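Chemist:
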Amino acid sequence: MKKRVLVSGGAGYIGSHVTVELIQAGYDVVVADNLSNCDLTCFEGVKKITGKDDIPFEKIDCCDYASVDRLFSEFRIDAVIHFAAFKAVGESVAEPLKYYRNNLLSLLNILEAAKTHGGCNVLFSSSATVYGETDKLPVTEESPRQPAISPYGNTKQICEDILRDTVKATAAYGNEVMPGIDKPGPVKGTALRYFNPIGAHPSALIGELPRGVPNNLVPYITQTAIGKRECLSIFGNDYPTPDGTCLRDYIDVVDLAKAHVAAVARMLEGRMAEDYEIFNIGTGRPVSVLELVNTFEKVNNLKLNYRFTPRREGDITAIWADPSRAEKELGWKAQRTVEETLAAAWAWEKHLAGKE
Ligand code: UDP
44 MKKRVLVSGG
54 AGYIGSHVTV
64 ELIQAGYDVV
74 VADNLSNCDL
84 TCFEGVKKIT
94 GKDDIPFEKI
104 DCCDYASVDR
114 LFSEFRIDAV
124 IHFAAFKAVG
134 ESVAEPLKYY
144 RNNLLSLLNI
154 LEAAKTHGGC
164 NVLFSSSATV
174 YGETDKLPVT
184 EESPRQPAIS
194 PYGNTKQICE
204 DILRDTVKAT
214 AAYGNEVMPG
224 IDKPGPVKGT
234 ALRYFNPIGA
244 HPSALIGELP
254 RGVPNNLVPY
264 ITQTAIGKRE
274 CLSIFGNDYP
284 TPDGTCLRDY
294 IDVVDLAKAH
304 VAAVARMLEG
314 RMAEDYEIFN
324 IGTGRPVSVL
334 ELVNTFEKVN
344 NLKLNYRFTP
354 RREGDITAIW
364 ADPSRAEKEL
374 GWKAQRTVEE
384 TLAAAWAWEK
394 HLAGKE
């Protein structure tokens, strides 16, 4: 029987790419999303790419336990990939309670349901933000986490800990019936720490759809190139890096999606070395903001309007991954070049412009 994966937040940017790769790898998928930060554009794109018109879509809010519980009762769920969370760093500073409530409660509900319905595999989308600023680069999974500088970053750390502790506690359950719980079962957990996901599906049918002014670099670049924004601000050119701009590890969203499939397969096929595992998902290749901008111009044969402005508060100088654990344990490695990724990001922006 086909294994079924629940993708919470599956209508969003990363969730939609993961849904495509899961379906193409032969899994059944249930997409759950409350559409609070996206519409159905990407979900429709997923159906087109996969040629599957009957992907179950549940418009639910994971902060509502009854809805999550109903999903687990209705479908036999073998694994959950949990994306449903808010992700704007600046907004989280202004509205911490909104971030803590949404990001923590949705994971708590997923785990409660996973445990109550006989156990489940839960993959959590974490972030390289947990490493903070460090001189010891690249970072491995053993690099220490540092106190978060934003409530958003803090929710990633707290959620990792909630998952780790739940895995540890439920390992003892076995199939033994606990008071008040019908069929308790063990929860196994994987945290994937993403570096900077960028790009879009090569079909240009799904991609990033920021609401309002983009916070992230690549959507800001593509929107400037298409004329939606006047000028890209490069935040700081006085960092202690070769060209003065920050260094990041930009990971193609399709490569990132494939990492999820590899991690879910490892869980479902009982190949985990530990019941809770962490993997860095990056390329291992540092790229500066200026290099990214120059590559975008070159590969797409255009000129981008940009200027240097002061540093953005909270930005770190440099971070990139040591992705060797993912390569060794998951058999996964980033494949696409920055050029391919930036061409895909531009094709997606043009696709959107054509629809307007
Ligand atoms: N950045 C920039 N201009 C922008 C947005 C981002 O110069 O309009 C820079 C930012 O300072 C950082 C890099 O691009 O060095 C990546 O930023 P992003 O917000 O995409 O991801 P982060 O690394 O902050 O999670």
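The opening position of the sequence shown corresponds to residue 44 in the numbering used here, with each subsequent residue numbered one higher. No residue lacks a Cβ here, since even glycine has one placed at the ideal position from N, Cα and C. Computed from a predicted structure; not experimentally measured.
1. Below 8 angstroms, is the gap between the Cβ of Thr-172 and the nearest heavy atom of ligand 1?
2. Would you report the Cα separation of Ala-171 and Val-48, rounded to the nearest angstrom?
3. Under a Cβ-count criterion, where at least 16 other Cβ atoms within 10 Å of its own Cβ denotes burial, should Cys-85 be classed as buried or exposed?
4. On a CA-only basis, which of Pro-190, Asn-146, Val-336 is nearest Ala-107? Give me that one, please.
5. Report yes if the CB atom of Cys-105 is closer than 9 angstroms to the CB atom of Asn-77, and no otherwise.
6. Does the Cβ of Ser-276 lie closer than 8 angstroms to at least one heavy atom of ligand 1?
7. Where does Asn-239 sit, in a helix, a strand or coil, going by DSSP?
8. I'd like to know whether the C-beta of Leu-147 is nearer than 9 angstroms to at least one C-beta of chain D.
9. Could you check how far apart the C-beta atoms of Tyr-174 and Ser-186 are, in whole angstroms? I think they sit under 8 angstroms.
10. Tell me the rounded alpha-carbon separation between Ala-300 and Ala-122.
11. In terms of alpha-carbon separation, which member of Asp-97, Val-72, Pro-139 lies closest to His-125?
12. Got a sec, what are the start and stop residues for the alpha helix (DSSP H) Ser-116 sits in?
13. Can you find the residues in the same chain that come closer than 8 angstroms, C-beta to C-beta, to Leu-411, ignoring five residues on each side of it along the sequence?
14. Using a Cβ-Cβ cutoff of less than 6 angstroms, which residues in the same chain neighbour Asp-281 once the five nearest sequence positions on both sides are dropped?
15. Just mark Asn-152 as buried or exposed, buried being the case when its beta carbon has 16 or more other beta carbons within 10 Å.
16. Going residue by residue through the segment 255–294, where are the continuous alpha helix (DSSP H) segments of at least 4 residues, counting only ones entirely within it?
17. For Glu-364, which of helix, strand or coil comes out of DSSP?
18. What do you reckon, is the C-beta of Val-413 under 8 angstroms from a heavy atom of ligand 1?
19. Confirm the yes/no value for this check: CB of Asn-259, any heavy atom of ligand 1, distance under 8 angstroms.
20. DSSP has Val-48 in a bridge; who is on the other side?
21. For Val-63, which option in Arg-350, Asp-82, Lys-95, Asn-344 has the closest C-alpha, if you only look at C-alpha atoms?
22. Looking at ligand 1, does it come within less than 8 angstroms of Thr-177, judged from the CB to the closest heavy atom?
23. Taking all protein chains shown into account, decide if Lys-346 is buried (16 or more other Cβ within 10 angstroms of its Cβ) or exposed.
24. If we count Cβ pairs, one from each stretch, closer than 8 angstroms, do we get three or more for the segment 383–396 versus the segment 238–249?
25. Going by DSSP, name the residue or residues bridged to Phe-129.
Modeler: This is what the structure gives:
1. Translated into the one-based positions of the sequence shown, residue 172 becomes position 129. Yes - ligand 1 has a heavy atom lying nearer than 8 angstroms to the Cβ of Thr-172.
2. Counting from one through the sequence shown, the residue named residue 171 turns up at place 128. Counting from one through the sequence shown, the residue named residue 48 turns up at place 5. Rounded to whole angstroms, Ala-171 and Val-48 show a C-alpha spacing of 24 angstroms.
3. The sequence position of residue 85 within the sequence shown is 42, counting from 1. The residue is buried, with at least 16 neighbouring Cβ atoms inside 10 Å.
4. Mapped onto the sequence shown, residue 107 falls at position 64. The sequence as given places Asp at residue 107; Ala does not occur at that position. Answer by Cα proximity: Asn-146.
5. Mapped onto the sequence shown, residue 105 falls at position 62. Mapped onto the sequence shown, residue 77 falls at position 34. It is a contact, given that the beta carbons lie within the stated cut-off.
6. Looking up residue 276 in the sequence shown gives position 233. At least one heavy atom of ligand 1 is nearer than 8 angstroms to the Cβ of Ser-276, so yes.
7. Sequence index remark: in the sequence shown, residue 239 carries index 196 (1-based). Three-state DSSP puts Asn-239 in a strand.
8. Going by chain labels, chain D is absent from the structure shown, which holds only one protein chain.
9. Looking up residue 174 in the sequence shown gives position 131. Looking up residue 186 in the sequence shown gives position 143. With a Cβ gap of about 6 angstroms, Tyr-174 and Ser-186 count as contacting.
10. By 1-based counting over the sequence shown, the position of residue 300 is 257. By 1-based counting over the sequence shown, the position of residue 122 is 79. So the alpha carbons of these two residues sit roughly 15 angstroms apart.
11. What you label residue 125 is simply residue 82 of the sequence shown in a count that begins at 1. The option with the nearest alpha carbon to His-125 is Val-72.
12. Indexing the sequence shown from 1 puts residue 116 at position 73. 108–117 is the extent of the alpha helix (DSSP H) around Ser-116.
13. Because the chain in this structure spans residues 44 to 399, residue 411 falls outside the shown range and cannot be described.
14. By one-based count along the sequence shown, residue 281 stands at place 238. Same-chain partners within the cutoff: Gly-287.
15. On the sequence shown, position 109 is the one that residue 152 refers to. So Asn-152 ends up on the buried side.
16. 260–269
17. Your numbering for residue 364 matches position 321 in the sequence shown. In the sequence as presented, Glu is not what sits at residue 364; that position holds Ala. In the structure shown, Ala-364 sits in a strand (DSSP, three-state: E or B).
18. Because the chain here runs from 44 to 399, residue 413 falls outside it and cannot be looked at.
19. Start at 1 with the first residue of the sequence shown, and residue 259 comes out as number 216. Result yes, Cβ under 8 angstroms from ligand 1.
20. Within the sequence shown, residue 48 is the residue found at index 5, counting from 1. According to DSSP, Val-48 bridges with Val-72, Ala-122.
21. For the purposes of this step, residue 63 is identified with residue 20 of the sequence shown, where counting begins at 1. Val-63 has its Cα closest to that of Lys-95, out of Arg-350, Asp-82, Lys-95, Asn-344.
22. Translated into the one-based positions of the sequence shown, residue 177 becomes position 134. Because no heavy atom of ligand 1 lies under 8 angstroms away, the Cβ of Thr-177 does not count as near it: no.
23. Along the sequence shown, one-based indexing puts residue 346 at 303. Lys-346 counts as exposed, since fewer than 16 other beta carbons sit within 10 angstroms of its beta carbon.
24. yes
25. As a first step, residue 129 must be located in the sequence shown, where it is residue number 86. DSSP, once it has assigned bridges, lists no residue as partnering Phe-129.
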